[in-house]
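**Q** Can you keep this structure in mind? I'll have questions shortly.
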Amino acid sequence: IETLVYPAKWDESKRREYRDSRRLAYVSEQPVWWCEQLGTVLANEEVVDGKSEVGGFPVVRKPMRQWMLRITAYAERLLTDLETIDWSDSLKEMQRNWIGRSEGASVIFHTVSERLPIEVFTTRPDTLFGATYMVLAPEHPFVSQITTPEQSLLVRDYKIGVAKKSDLERTELAKEKTGVFTGAYAINPVNNQNIPIWIADYVLASYGTGAIMSVPAHDERDYWFAYKFGLPKPQVVLPNTTQIEVAREFLSEMNRVRPNLIVHDWTLDKDSVICGASCVSKAFDDSGMAINSSNSEISLDGLPTAEAKEKITAWLEAKGLGKRTVNFKLRDLLFSRQRYWGEPFPIVWKKGPDGQSYHEALPESALPVLPPELTDYKPTATGEPPLARAKDWVNLPDGSTRETNTMPQWAGSCWYYLRYLDAKNSTTFVSKEAEQYWMGKVGRAVPSAPRPAETAGPTPGVDLYVGGTEHAVLHLLYARFWHKVLFDLRYVSTTEPFFKLVNQGMVLGEDNQKMSKSRGNVIPVDVPVQEVGTDALRLFEMFMGPLEMVKPWSTKGVEGVYRFLGRVWRLFVDEKSETEFEQAETTAGTGSRACESAEVRGLTSAATKLLDLIKLNPAIKDLAATPAQLKTLHACIKKVTEDLDGLRFNTAISALMVFVNDAITWETKPVSVLRDFLILLQPFAPHLAEELWEKLPTVHSPQSTGKTSAGKSTMDSGLSAGDSLPYQPWPKFDPALLVESEMEIPVQVNGKLRDVIKVPANADNATLEAAARASEKVQQFIAGKTIKKVIVVPKKLVNLIAG
RNA sequence: GCGCGCGUGGCGGAAUGGCAGACGCGCCAGACUUAGGAUCUGGUCCCGCAAGGGUUGGAGGUUCAAGUCCUCUCGCGCGCACCA
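According to the working numbering, the first sequence holds residues 6 to 808 in order.
Listed below in structure tokens is the structure:
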């Protein structure tokens, strides 16, 4: 987001090239992940273990011209702003990992014969004196240039072998290092030594510069490579005494456990001969003190690692041989797909006077670009996008052609939450007013620290976002990126889209395994919906356990909450009328369970009439509630209210069950109490709650906390109606009603529970202690002993320390 | 290997450092029933006739008091993984 200034001599194509090198959306020809079965390319994040994340199909690297989004330009902010949002540690960690920031230095080595500059990235510039060879990724562009004729055959074969291997194979075979010598040498800039240049597949073309300097004494991978090919391993970092201690322990422990194993210890001679079939080594890759690291201009000897890094980097910078560098694992986001279903790019291609084609954005007046109608919208085998089939659509009258790739699904999911704020706006994606109102921070320019839970007031961004971890490095990363771009363009007022994120746990199959077709343990959601209805399904999913936890499905468990809903139903309706209803229903042939919701059964008007046969439980009376009933109700209000706030649905439902278990025994059931109960039940079992609400009569009793007349459901119409259930004010619990006149206090002797005593609720500490001492059971345990100490926790417990 | 998280009955799970096992499932007994895979009532951590004792993966520690806090250890799950 900057104004570009071009040198005057640049022609238009040069300028375009420069623009593309800076743009957030740019075209790039490079190897990308191509999935044959899906008929499209995929982003790095969509490839898991060498297979497509969707469907698990094989993917291959293939060079193609694709649209990219420069998410790497936001890497630093995507990382640091994680501090400002309230997400789980594990999720933040996943994003940190994916972004993969590491600080170090880039160092330039020149090849001996061609004087080609090979740039490497290292996090340990302090070990530069220990670099005894270099390794290029087999795909590195210099490989063919530097390879000597004698080595060219070997190098060619190795490259072919690597290219044939899938990425999966490449990592699976990772234990044994392989590689070949190119025949070329480079100069180590600190000691002018000629060091051999190898190629090996343990160096990745996609990370850093695709080339490394190898320091075998202080890097595990380099160590084993050097070990295998007999390269020297000079030590340039000295461990401290504690580290040596730890290593000695490791050494003796390994010798004890596996006496036949040759253990290679970095405190011993690096080049000692290792024999035996297997061995263990620990290259010393910790911080320590630099040794053997000096030349005529600079000495690192004696410096701790951190200082040595500083000194050598400064020296390299001064000599123009390297510089301080921050490297990221994060790659730019591949943002085009060869599919029909996706947003077309608002882009056309034109031919310049130089004959080169270039892209141009369509003006706003040409938006939106709608996809053409196609009879065959399937992907092609060649990777040509299906939209290319619509010749009339592709070719424009002025001779330009439309971009035929489409955007991936992320194009929608990256900003839908903003569109939801103002979905009917036809001039802009979200109005300033709607955005500022809903996202909550007018004119906000800097992110705030995560708020403590007790702080009131609006939060920046979406207050609560619930989703699975499967989006950790996909949607949740992309959306943050888009949001930051929109923030920089002043379209949104917060730097982060989702303030608080909760990962709901996956529901496993009944066998405690991840549901999958191959395991045959999938419970399609419509099965429980058919059997017990949406209310029971919804209720059970919330009742199974904490929201965040992974938990297995249980058919028996669903029956349990279904029974609970049955008990709720029987709390409200006259069982005799229910029998009449069932008979009438059987006659009418609508055949279904009485307590299923109207929506699930798809009630006809005849069936609705049938439902009118259901009469209220005669025990329901418009009477004042007793203190005991009010206590039961208010305990439930308190628990459900607090648990909903904390997303503890399982314990909230448990509280509802406790209420029903009690209320079902009441001889008279005050309408006012039941109305409040239905308000509490409504978020959990909305259909049942609304049906029962409609049956409840008007309330006149003084305890009424609801309104005074029954109303019709508005769930479907979305209209506000005076007494409909969804619009009822949430009941407030009255602490005064929960106060007991008596309470039970556990009494411990020496920390062990000995009795539970009943005392008046307002008993002071002295009374509590006296009552505790007076207890017969307690007497048994303190007889003949002296009480050394008494701990009285008001309203909680008494602990007598006797000895 | 690195990072994150989790270990409590037969099962899913409750428990601001203060009565471990709420609530539900399952199981046992009983009631009503021609019947029960419906419903209701009671019981259900382990040892013990009882008094009592033991018990939150294991070992230590802090504390009057630990499932909860600390250290180590074992086990499980998830994520990343040749990232220089």
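Every residue, glycine too, gets a C-beta built ideally from N, C-alpha and C.
Would you identify the three-state DSSP class for L375, choosing helix, strand or coil?
**A** Translated into the one-based positions of the first sequence, residue 375 becomes position 370. In this structure, L375 counts as coil in the three-state DSSP scheme.
**Q** Once DSSP output is grouped into helix, strand and coil, what is the label at H1?
**A** Past the boundaries of the shown model lies residue 1; the chain is included only from 6 to 808, so the question cannot be answered.
**Q** Can you say whether L384 is buried or exposed, counting buried as having 16 or more other CB atoms within 10 angstroms of its CB?
**A** In the first sequence, the residue the question calls residue 384 occupies position 379. Residue identity differs from the one stated: residue 384 is Pro in this sequence, not Leu. Buried, by the Cβ-count rule.
**Q** Buried or exposed: where does R568 fall if 16 or more other Cβ atoms within 10 Å of its Cβ makes it buried?
**A** Counting from 1 along the first sequence, the entry for residue 568 is found at position 563. By the 10 Å Cβ count, R568 comes out exposed.
**Q** Distance check for D728 and P765, CA to CA, integer angstroms please.
**A** What you label residue 765 is simply residue 760 of the first sequence in a count that begins at 1. What you label residue 728 is simply residue 723 of the first sequence in a count that begins at 1. Rounded to whole angstroms, P765 and D728 show a C-alpha spacing of 42 Å.
**Q** I need the straight-line Cα distance from L701 to P734, nearest angstrom please.
**A** Start at 1 with the first residue of the first sequence, and residue 701 comes out as number 696. Start at 1 with the first residue of the first sequence, and residue 734 comes out as number 729. Approximately 17 Å, taken between the alpha carbons.
**Q** Take V374 as the anchor and find which of T409, D359 and N196 has the nearest alpha-carbon.
**A** Indexing the first sequence from 1 puts residue 374 at position 369. Among T409, D359 and N196, the Cα nearest to that of V374 is on T409.
**Q** Checking 7 Å against the spacing of the C-beta atoms, do P376 and P349 come in under that value?
**A** Within the first sequence, the letter at position 371 stands for residue 376. Within the first sequence, the letter at position 344 stands for residue 349. Yes; because the gap between Cβ atoms is below 7 Å, this pair is in contact.
**Q** Counting only the same chain and skipping the five closest in sequence on each side, list residues whose C-beta sits under 6 Å from that of V471.
**A** In the first sequence, residue 471 corresponds to position 466, counting from 1. Taken in chain order, the residues that qualify are V507 and Q509.
**Q** Measuring straight from C-alpha to C-alpha, what distance separates D397 and Y363?
**A** As a working mapping, residue 397 is identified with position 392 in the first sequence. As a working mapping, residue 363 is identified with position 358 in the first sequence. If you take the alpha carbons of D397 and Y363, they lie about 20 Å apart.
**Q** Answer with buried or exposed for L661, where buried requires no fewer than 16 other C-beta atoms within 10 angstroms of its C-beta.
**A** Position 656 of the first sequence, counting from 1, holds the residue named residue 661. Label assigned to L661: buried.
**Q** Taking 7 Å as the cut-off, decide whether the C-beta atoms of A78 and L339 are in contact.
**A** The count along the first sequence starts at 1 and reaches residue 78 at position 73. The count along the first sequence starts at 1 and reaches residue 339 at position 334. No, Cβ-Cβ distance for A78 and L339 is not below 7 Å.
**Q** List the endpoints of the continuous alpha helix (DSSP H) containing R329.
**A** Along the first sequence, one-based indexing puts residue 329 at 324. Careful: R329 lies outside any alpha helix (DSSP H), inside the beta strand (DSSP E) at G327 to N332.
**Q** Which residues bound the alpha helix (DSSP H) around E17?
**A** As a first step, residue 17 is located in the first sequence; it is residue number 12 there, counting from the start. E17 -> alpha helix (DSSP H) spans E17 to R27.
**Q** With H, G and I counted as helix, E and B as strand and the rest as coil, what does DSSP make of M748?
**A** On the first sequence, residue 748 is found 743 positions in, with the first residue counted as 1. Strand.
**Q** Using CA coordinates, which residue listed in T137, W92, I217 and F147 is at the minimum distance from P198?
**A** On the first sequence, position 193 is the one that residue 198 refers to. Correcting the residue identity first, residue 198 is Gln in this sequence and not Pro. Looking at the Cα atoms, T137 is the closest of the given residues.
**Q** Do F134 and S298 come within 7 Å of each other at the CB atom, strictly closer than that value?
**A** Numbered from 1 along the first sequence, position 293 holds the residue referred to as residue 298. Numbered from 1 along the first sequence, position 129 holds the residue referred to as residue 134. The answer is yes: Cβ separation under 7 Å.
**Q** Closest by CA to S33, which one among H692, M73 and R424?
**A** Residue numbering aside, residue 33 sits at position 28 when the first sequence is read from its first letter. The option with the nearest alpha carbon to S33 is M73.
**Q** Please classify S341 as buried or exposed, where buried requires at least 16 other C-beta atoms within 10 Å of its C-beta.
**A** Within the first sequence, numbered from 1, the residue matching residue 341 stands at position 336. Buried is the call here.
**Q** Would you report the Cα separation of Y152 and I123, rounded to the nearest angstrom?
**A** Working through the first sequence from its first residue, we reach residue 152 at position 147. Working through the first sequence from its first residue, we reach residue 123 at position 118. Checking the sequence, you will find Thr at residue 152 rather than Tyr. One C-alpha to the other measures close to 14 Å.
**Q** Just to confirm my understanding: we take C419, look at its own chain, exclude 5 residues before and 5 after, and list those with CB closer than 6 Å. What are they?
**A** For the purposes of this step, residue 419 is taken as the residue at position 414 of the first sequence. If we look at C419 and ignore the five residues flanking it on each side, its Cβ neighbours are Y483, A484 and W487.
**Q** Per DSSP, what kind of secondary structure is R449 in: helix, strand or coil?
**A** As a first step, residue 449 must be located in the first sequence, where it is residue number 444. Only weak support is given to the placement of R449: the predicted model assigns it a pLDDT of 39, under 50, and the question is left unresolved by the model.
**Q** Based on the DSSP output, what are the partners of Y138 in its beta bridges?
**A** Translated into positions along the first sequence, residue 138 becomes position 133. Within the DSSP bridge table, the entry for Y138 names S219 as partners.
**Q** For F503 and T318, what's the separation of their Cα atoms in angstroms?
**A** Walking along the first sequence from the start, residue 503 turns up at place 498. Walking along the first sequence from the start, residue 318 turns up at place 313. In a straight line, the C-alpha of F503 is about 39 Å away from that of T318.
**Q** Straight-line CA distance for G789 to V744?
**A** Locating residue 789 in the first sequence gives position 784, where the first residue counts as 1. Locating residue 744 in the first sequence gives position 739, where the first residue counts as 1. Pairing G789 with V744, the inter-Cα distance amounts to about 38 Å.
**Q** Who are the near neighbours of E774 in its chain, counting only those whose CB is closer than 7 Å to its CB and skipping five residues on each side?
**A** The sequence position of residue 774 within the first sequence is 769, counting from 1. These residues qualify, in order along the chain: V795, V797 and V803.
**Q** May I have a chain-ordered list of the beta strand (DSSP E) segments no shorter than 3 residues that lie completely inside the region 485-538?
**A** Listed in chain order, the complete beta strand (DSSP E) runs (minimum 3 residues) inside the region 485-538 are 503-508.
**Q** Hey, how far is the Cα of N770 from the Cα of R759?
**A** As a working mapping, residue 770 is identified with position 765 in the first sequence. As a working mapping, residue 759 is identified with position 754 in the first sequence. Each residue's CA atom was taken as its position, placing N770 and R759 some 18 Å apart.
**Q** What beta strand (DSSP E) runs, 3 residues minimum, are completely inside the region 64-96?
**A** 65-74
**Q** Counting Cβ pairs closer than 8 Å, one from the region 530-539 and one from the region 680-687, do we hit at least three?
**A** no
**Q** So, at 7 Å on beta carbons, what are the nonlocal neighbours of A657 in its own chain, with the 5 sequence-adjacent residues on each side left out?
**A** For the purposes of this step, residue 657 is identified with residue 652 of the first sequence, where counting begins at 1. Cβ within range, chain order: K644, V645, D648 and L649.
**Q** Keeping to the same chain, check which residues put their C-beta closer than 8 Å to that of C641; ignore five residues upstream and five downstream.
**A** The residue given as residue 641 occupies position 636 in the first sequence. Excluding residues within five positions, the ones whose Cβ falls inside 8 Å are A660, L661, V663, F664, F682 and L685.
**Q** Going straight from the alpha carbon of F126 to that of L401, what length do you get?
**A** Counting from 1 along the first sequence, the entry for residue 126 is found at position 121. Counting from 1 along the first sequence, the entry for residue 401 is found at position 396. Note on geometry: alpha-carbon atoms of F126 and L401 lie some 47 Å from one another.
**Q** Which value, in whole angstroms, describes the spacing of the CA atoms of D667 and H639?
**A** One-based indexing of the first sequence puts residue 667 at position 662. One-based indexing of the first sequence puts residue 639 at position 634. Approximately 13 Å, taken between the alpha carbons.
**Q** Going by C-alpha to C-alpha distance, which of N755, T772 and F577 sits closest to G808?
**A** Taking the first residue of the first sequence as position 1, residue 808 is located at position 803. It is N755 whose Cα lies nearest to the Cα of G808.
**Q** When you compare the CB positions of N102 and G213, do they come within less than 7 Å of one another, or not?
**A** Taking the first sequence and counting its residues from 1, the one referred to as residue 102 is at position 97. Taking the first sequence and counting its residues from 1, the one referred to as residue 213 is at position 208. In this structure, G213 does not lie closer than 7 Å to N102 by Cβ.
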